[in-house]
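Novice: Residue numbers (this note's numbering): 322 to 622. Glycine included, every Cβ here is placed at the ideal spot set by N, Cα and C. The model shown is predicted, which means the values in this text are computed figures rather than measured ones. A single structure is presented below for examination.
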Amino acid sequence: MLKSYKIGSHGLTRTELTKSNWVHLEQAKKKDFDSITDLKIRRRDFDSCLDRSERSRIVIRENYNLILFKINSKKQNRSVTMGIFLFDKKIISVHEFSCPFVLDMVNHPENITSITSLLIRIIQEITKTFFVETSRLEEEVNKIEDRIGTSASKSTLEKLFSVRKDLVFLVRSISGNRDVINSMISNASIFKLNKLEKLDLSEIHTDQIQLAETMAIYREILSNAVEIYNSKISHEMNKIIQRLTIVGSFILLPTLIASIYGMNFKPNISPYNMPELNWKYGYIFSLGLMAVSIIITYSYF
Numbered sequence: 322m323l324k325s326y327k328i329g330s331h332g333l334t335r336t337e338l339t340k341s342n343w344v345h346l347e348q349a350k351k352k353d354f355d356s357i358t359d360l361k362i363r364r365r366d367f368d369s370c371l372d373r374s375e376r377s378r379i380v381i382r383e384n385y386n387l388i389l390f391k392i393n394s395k396k397q398n399r400s401v402t403m404g405i406f407l408f409d410k411k412i413i414s415v416h417e418f419s420c421p422f423v424l425d426m427v428n429h430p431e432n433i434t435s436i437t438s439l440l441i442r443i444i445q446e447i448t449k450t451f452f453v454e455t456s457r458l459e460e461e462v463n464k465i466e467d468r469i470g471t472s473a474s475k476s477t478l479e480k481l482f483s484v485r486k487d488l489v490f491l492v493r494s495i496s497g498n499r500d501v502i503n504s505m506i507s508n509a510s511i512f513k514l515n516k517l518e519k520l521d522l523s524e525i526h527t528d529q530i531q532l533a534e535t536m537a538i539y540r541e542i543l544s545n546a547v548e549i550y551n552s553k554i555s556h557e558m559n560k561i562i563q564r565l566t567i568v569g570s571f572i573l574l575p576t577l578i579a580s581i582y583g584m585n586f587k588p589n590i591s592p593y594n595m596p597e598l599n600w601k602y603g604y605i606f607s608l609g610l611m612a613v614s615i616i617i618t619y620s621y622f
């Protein structure tokens, strides 16, 4: 879906493609390249905007600069790529999915007075998507901590590794975006940024650092949760082995007694060959001996 806007005194207004300052292509497909061929964008650069594995980076061309950012996608539940083509008097943003923040920018176009201020606002909105994801992950981490404290089930472990995987991708995306922003600040003249806009980018860079630090804390919490999980599993296994040992000990002595009486030495050959086999209380005696052995074992444990 192609949307074109013009920067005016009242913010952003819809306009024709040829008169626009900002062209936003969302839910983009490779076939949509034909709709913006007049803007002289390279096909390879356009395809990079739709490549989900593309790393955040800056590409310098003769007639434009391409800035590739990672943006968090609720639909994919992970970070995907968004491309921003920066011309002298126009910005073209390309994203594979819908961007809810575009409507928010149109309804609240504060401080959007130029191409560079529009660029900074887009970067701010991209950064906000990671703060939203951070809040979601915080809830997931808290739930995992509660579950680990009460039970150590397989589903809890699977959820833990799932969140841990999300964190890995998120940290990678945030790190790439932070490097791009840092490069933009260092090369402010290329992007025609004034001092105030450099300060705005510095604040966004600080937000990226804060996100990275928060992710590091969550990863440490999950690592500790894995250790707690392993400790609980080990403790439960020890308890099971202890119970089996006790049960085995109860059975051991009675089994020994039964084995002795199962040797079947004939008493008529020797008076020492189990004379109690012909004793009328022999059976009761053997059962009593087994019971006494169990009581002795129980008192020991």
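#1: Buried or exposed for Asn463, going by 16 or more other Cβ atoms inside 10 Å?
#2: Ser438 to Arg382, Cα distance in whole Å?
#3: Just list the residues that DSSP pairs Met403 with in beta bridges.
#4: Ile605 to Glu557, Cα distance in whole Å?
#5: Output the distance between the C-alpha atoms of Ser377 and Glu548, rounded to the nearest integer angstrom.
#6: Consult DSSP for Ser591 and reduce its assignment to one of helix, strand or coil.
#7: Since Gly329 sits in a beta bridge, which residues does DSSP pair it with?
#8: In whole angstroms, what is the alpha-carbon distance linking Asn503 and Lys324?
#9: What are the start and end residues of each continuous alpha helix (DSSP H) run of 4 or more residues lying completely inside the region 408 to 472, in chain order?
#10: Buried or exposed: Lys351, going by 16 or more other Cβ atoms within 10 Å of its Cβ?
#11: What whole-angstrom Cβ distance do Ile465 and Ala546 have, given they're in contact under 8 Å?
#12: Have a look at Ser356 and Glu460 and give me their C-alpha separation to the nearest angstrom.
#13: Would you decide whether Leu481 is buried or exposed? Buried here means 16 or more other CB atoms lie within 10 Å of its CB.
#14: Quick check on Lys395: does DSSP put it in helix, strand or coil?
#15: Here's the rule I'm using: 16 or more other beta-carbon atoms within 10 Å means buried, otherwise exposed. How should Pro430 be labelled?
#16: Identify which residue in Lys410, Thr402, Thr358, Asn432 has its Cα closest to the Cα of Gly332.
#17: What are the boundary residues of the beta strand (DSSP E) that Arg378 is part of?
#18: Counting Cβ pairs, one atom from each stretch, are 3 or more of them under 8 Å apart for the region 363 to 374 and the region 391 to 410?
#19: With Leu346 as the anchor, note down where its beta strand (DSSP E) starts and where it stops.
#20: Would the beta-carbon of Ile447 fall within 8 Å of that of Asn342?
#21: Checking the sheet assignment: what are the DSSP bridge partners for Leu323?
#22: Which same chain residues, not among the five before or five after Thr618, have their C-beta less than 6 Å away from its C-beta?
Specialist: Looking at the coordinates:
#1: Its Cβ having fewer than 16 others within 10 Å, Asn463 is exposed.
#2: So the two alpha carbons sit approximately 21 Å from each other.
#3: The partner list for Met403 (beta bridge, DSSP) reads Phe390, His416.
#4: In this structure, the straight-line span from the alpha carbon of Ile605 to that of Glu557 is close to 39 Å.
#5: So the two alpha carbons sit approximately 34 Å from each other.
#6: For Ser591, the three-state secondary structure derived from DSSP is coil.
#7: Gly332.
#8: Computed Cα separation, rounded: 29 Å.
#9: Taking only runs of at least 4 residues, the alpha helix (DSSP H) segments lying wholly in the region 408 to 472 are 422 to 428, 436 to 471.
#10: Flag for Lys351 reads exposed.
#11: Contact holds; Cβ gap of about 6 Å.
#12: Taking the straight line joining both Cα atoms gives about 42 Å.
#13: Leu481 comes out buried.
#14: Assignment of Lys395 by DSSP, reduced to helix, strand and coil, places it in the coil class.
#15: Its Cβ being crowded by 16 or more others within 10 Å, Pro430 is buried.
#16: Comparing Cα-Cα distances from Gly332 to each of Lys410, Thr402, Thr358, Asn432, the minimum goes to Asn432.
#17: Element bounds for Arg378: 378 to 381.
#18: Counting Cβ pairs under 8 Å, three or more are found: they touch.
#19: Boundaries of the beta strand (DSSP E) around Leu346: 343 to 346.
#20: The Cβ-Cβ distance between Ile447 and Asn342 does not fall below 8 Å.
#21: DSSP, once it has assigned bridges, lists Leu346 as partnering Leu323.
#22: Counting only Cβ-Cβ distances below 6 Å, and skipping sequence neighbours, we find Ser570, Phe571.
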